[in-house]
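Below is one structure, written out as structure tokens; comments come after it.
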Amino acid sequence: MQSMDPIEWLRRRKAGFNSLSEPEVSAVLHFTLLWSLYEAELLGKHGSERGIVRCVRAWWEMGVLNDSRFSVELSYFKNRYFINGEPSGHFKGLRVCRLRNKNQEMVKKVLSGAEQGPVESVSALFLVIYRLRNNLFHGEKWGDELRGQQQNFQHANAALIKALELDWRMSRACG
Numbered sequence: 023m024q025s026m027d028p029i030e031w032l033r034r035r036k037a038g039f040n041s042l043s044e045p046e047v048s049a050v051l052h053f054t055l056l057w058s059l060y061e062a063e064l065l066g067k068h069g070s071e072r073g074i075v076r077c078v079r080a081w082w083e084m085g086v087l088n089d090s091r092f093s094v095e096l097s098y099f100k101n102r103y104f105i106n107g108e109p110s111g112h113f114k115g116l117r118v119c120r121l122r123n124k125n126q127e128m129v130k131k132v133l134s135g136a137e138q139g140p141v142e143s144v145s146a147l148f149l150v151i152y153r154l155r156n157n158l159f160h161g162e163k164w165g166d167e168l169r170g171q172q173q174n175f176q177h178a179n180a181a182l183i184k185a186l187e188l189d190w191r192m193s194r195a196c197g
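The following block contains the structure:
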């Protein structure tokens, strides 16, 4: 059987994909692998809002949650989605409205700077990453919308790696 290069196939078949740079494609590919591992090992093979918040609370209860560990990634998403306490033009595309009401409010408060608590801040960060995941895996980001997403996925990837390393050091606190 002759092997097919899926990236080349997509470049020939999907116009928006053809315009993506190699770093943009790599960031998305890396995200799919890292999210899959994060979901398998930290969320019990079932990505959910509850699982994300439960995991962050477990770190807090074990005394290992240090929100500064995720400060670069959280700062990036705050700056992307809120400007001077108000939602930016990118915020609507995140589709936070699809989260449960209490999580919608928490994400908005954290991103706007109104909430600073470590559990809420890190939970909100991973709920934003969860929304990126849902938007990607359910087709919202396909085509031209993948363009301009490189930094989103690079920051998400960095946070996922940090979460996996933290959980591995804590002997699987979340899963």
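For what it's worth, this note's numbering labels the leading residue of the sequence shown as 23, then goes sequentially. Backbone N, C-alpha and C fix where the C-beta goes; we use that ideal spot for every residue, glycine too. Computed from a predicted structure; not experimentally measured.
CA nearest to the CA of residue i, picked from the options
i       : options                               : result
Arg-72  : Gln-126, Glu-30 and Arg-35            : Gln-126
Cys-196 : His-177, His-160 and Val-86           : Val-86
Leu-56  : Ala-185, Asn-157 and Ala-80           : Ala-185
Ser-43  : Leu-182, Lys-114, Leu-168 and Glu-61  : Leu-168
Gln-171 : Cys-119, Asn-157, Ala-181 and Asn-123 : Asn-157
Thr-54  : Lys-163, Arg-191, Ala-181 and Phe-159 : Phe-159
Val-144 : Leu-116, Lys-100, Arg-34 and Ser-25   : Lys-100
Val-75  : Phe-39, Leu-121, Arg-33 and Gly-161   : Leu-121
Lys-36  : Arg-153, Phe-175, Ile-183 and Lys-163 : Lys-163
Through-space distance from residue j to residue i, alpha-carbon basis
i       : j       : result
Glu-137 : Lys-131 : 5 Å
Ala-80  : Ser-110 : 32 Å
Asn-179 : Tyr-103 : 18 Å
Ser-48  : Gln-173 : 11 Å
Asp-89  : Glu-30  : 40 Å
Where residue i falls: helix, strand or coil (DSSP)
i       : result
Glu-162 : coil
Glu-46  : helix
Glu-108 : strand
Val-86  : coil
Run of the alpha helix (DSSP H) containing residue i, from where it starts to where it stops
i       : result
Ala-185 : 172–191
Lys-130 : 123–134
Lys-67  : Premise fails: Lys-67 is in no alpha helix (DSSP H) and is neither H nor E.
Phe-113 : 113–116
Glu-95  : 93–103
Proximity test, residue i beta-carbon vs the ligand ADP heavy atom, cut-off 7 Å
i       : result
Arg-122 : Among the components modelled here there is no ligand, and therefore nothing to report on the ligand ADP.
8 Å contact criterion, which residue i and residue j should meet: CB distance rounded
i       : j       : result
Val-50  : Phe-148 : About 18 Å; that fails the 8 Å criterion.
Met-128 : Glu-142 : 5 Å
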